[in-house]
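S.K.: Those letters in the sequence shown? Residues 11 to 222, by this note's numbering. In this text, a Cβ means the ideal position worked out from N, Cα and C, and glycines have one as well. Remember, predicted model here, so these are calculated numbers, not experimental data.
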Amino acid sequence: MVVIKEYTTTELGIKPIKAVPLTPESFAKFGAIISADHQVSQAPKSSANQGTALKLHKVAPVTNNYENCPSKTPATANWNIFRCSPPKHLLSTSSNSSESGAVMNQYLSKVLERHPFSTQTFLPMGRSQEKIGYLVICAPDGKDGLPDYNKVEAFICKGNQAVTYGVATWHAPMIALGDEDYLDFGVLVHENGVPEEDCEEVTYNPGLIVEF
Numbered sequence: 011m012v013v014i015k016e017y018t019t020t021e022l023g024i025k026p027i028k029a030v031p032l033t034p035e036s037f038a039k040f041g042a043i044i045s046a047d048h049q050v051s052q053a054p055k056s057s058a059n060q061g062t063a064l065k066l067h068k069v070a071p072v073t074n075n076y077e078n079c080p081s082k083t084p085a086t087a088n089w090n091i092f093r094c095s096p097p098k099h100l101l102s103t104s105s106n107s108s109e110s111g112a113v114m115n116q117y118l119s120k121v122l123e124r125h126p127f128s129t130q131t132f133l134p135m136g137r138s139q140e141k142i143g144y145l146v147i148c149a150p151d152g153k154d155g156l157p158d159y160n161k162v163e164a165f166i167c168k169g170n171q172a173v174t175y176g177v178a179t180w181h182a183p184m185i186a187l188g189d190e191d192y193l194d195f196g197v198l199v200h201e202n203g204v205p206e207e208d209c210e211e212v213t214y215n216p217g218l219i220v221e222f
């Protein structure tokens with residue numbers, strides 16, 4: 011990965027970002043989600059496995075655009091595992107003065123990254139659908155091709171929901187939540203081994219504040 015820009019957030023006047031629940035509609039501008047609870051009534055489907063399964067068709071794209079990369083180095087589709095621990099040094103909890111007794115969680119986001127020529131899918135493993143599993147943060151391109159820091163959005167994700175970031179979509183590294191020591195993800199992405207073509211980063215200091 012290659013850092014292509016560094017920002018000092020105290021000079022930008024960015025307001026805190028309020029996270030919302032992950033749904034196909036809320037995330038559509040950044041890619042797609044895999045969430046059977048939502049898609050069982052929306053996606054094209056058919057019977058499978060001698061009638062014992064319901065197949066939901068093409069719920070998320072898998073895209074390889076490395077034919078357009080400068081080096082022309084071909085990429086392979088790789089399944090990786092990310093064992094993600096909650097970033098406790100970047101998480102905090104405080105009382106919300108506007109709501110009596112309410113507690114506000116905050117995350118300080120210091121990095122947004124993108125994969126210029128590939129989608130990337132994160133599939134959580136081993137977390138109950140009843141529990142909040144992780145936090146996702148995304149941003150659209152600004153006019154300069156870098157993240158538009160005034161349009162950053164955040165999403166609260168359950169343990170039975172996966173996300174697919176669209177090609178070249180700016181997003182934060184995965185943020186595991188909860189009391190468990192870690193959350194495992196199966197991660198599908200195309201990679202060619204050229205650092206600046208596989209991943210670009212933009213950093214923020216001290217960071218973007220996300221409330222959830």
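Let me make sure I understand the geometry here. Which of Ala164, Ile43 and Ser138 has the alpha-carbon closest to that of Leu122?
M.R.: With distances taken between Cα atoms, Leu122 lies closest to Ala164.
S.K.: Quick one, which of Val162, Ala186, Glu221 and Ser81 has its alpha-carbon nearest Glu206's?
M.R.: It is Ser81.
S.K.: From Pro96 to Tyr159, what distance separates their C-alpha atoms?
M.R.: The alpha-carbon atoms of Pro96 and Tyr159 are separated by roughly 24 angstroms.
S.K.: Quick check on the DSSP output: the beta strand (DSSP E) that includes Pro134 runs from which residue to which?
M.R.: Gln130 to Met135 is the extent of the beta strand (DSSP E) around Pro134.
S.K.: With DSSP run on the structure shown, which of helix, strand or coil describes Ala63?
M.R.: The answer is strand: DSSP assigns Ala63 an E or B state.
S.K.: Go through its chain and collect everything with a Cβ distance to Asn90's Cβ below 6 angstroms, but skip five positions before and after it.
M.R.: Closer than 6 angstroms at Cβ, skipping near neighbours: Val197.
S.K.: What's the C-alpha gap between Thr62 and Met11?
M.R.: Their Cα atoms are separated by approximately 44 angstroms.
S.K.: Touching or not, the segment 19 to 29 and the segment 149 to 157, by the rule of three or more beta carbon pairs under 8 angstroms?
M.R.: No, the segment 19 to 29 does not touch the segment 149 to 157.
S.K.: When every heavy atom of the ligand NAP is checked, does at least one fall within less than 7 angstroms of the C-beta of Gly196?
M.R.: Among the components modelled here there is no ligand, and therefore nothing to report on the ligand NAP.
S.K.: Under 8 angstroms by Cβ, that's how I've got Ile44 and Ala70 pegged, so tell me the actual separation to the nearest angstrom.
M.R.: Yes, Ile44 and Ala70 are in contact; Cβ-Cβ is about 5 angstroms, under 8 angstroms.
S.K.: Using 8 angstroms as the cut-off, can you tell me whether the segment 137 to 148 makes contact with the segment 168 to 175, which would need three or more C-beta pairs spanning the two stretches below that distance?
M.R.: Enough Cβ pairs lie closer than 8 angstroms, so yes.
S.K.: Within 8 angstroms of any Cβ in chain B, is that where the Cβ of Lys55 sits?
M.R.: This model lacks chain B altogether; it includes just one protein chain.
S.K.: Tell me the DSSP bridge mates of His200?
M.R.: Answer is Ala87.
S.K.: Thr213 and Gly41 - do their beta-carbons sit closer together than 8 angstroms?
M.R.: No, the pair does not count as a contact, with Cβ atoms beyond the cut-off.
S.K.: Mind reading off the beta-carbon distance from Tyr192 to Cys94? Whole number of angstroms is fine, and I expect it under 8 angstroms.
M.R.: That pair is a contact at about 6 angstroms.
S.K.: Might you give, ordered along the chain, the residues of its own chain that have their beta carbon closer than 6 angstroms to the beta carbon of Pro126, omitting 5 neighbours on each side?
M.R.: Ala178.
S.K.: Tell me which residue opens and which closes the beta strand (DSSP E) that Gln116 is part of.
M.R.: Gln116 -> beta strand (DSSP E) spans Val113 to Arg124.
S.K.: How many angstroms separate the CA atom of Arg124 from the CA atom of Lys98?
M.R.: Answer to the nearest angstrom: the Cα atoms are 24 angstroms apart.
S.K.: Rounded to whole angstroms, what's the CA-CA distance from Glu21 to Asp189? Just pull it up for me.
M.R.: Computed Cα separation, rounded: 34 angstroms.
S.K.: If you reduce the DSSP assignment to three classes, tell me which class Glu190 lands in.
M.R.: Reduced to three states, the DSSP call for Glu190 is coil.
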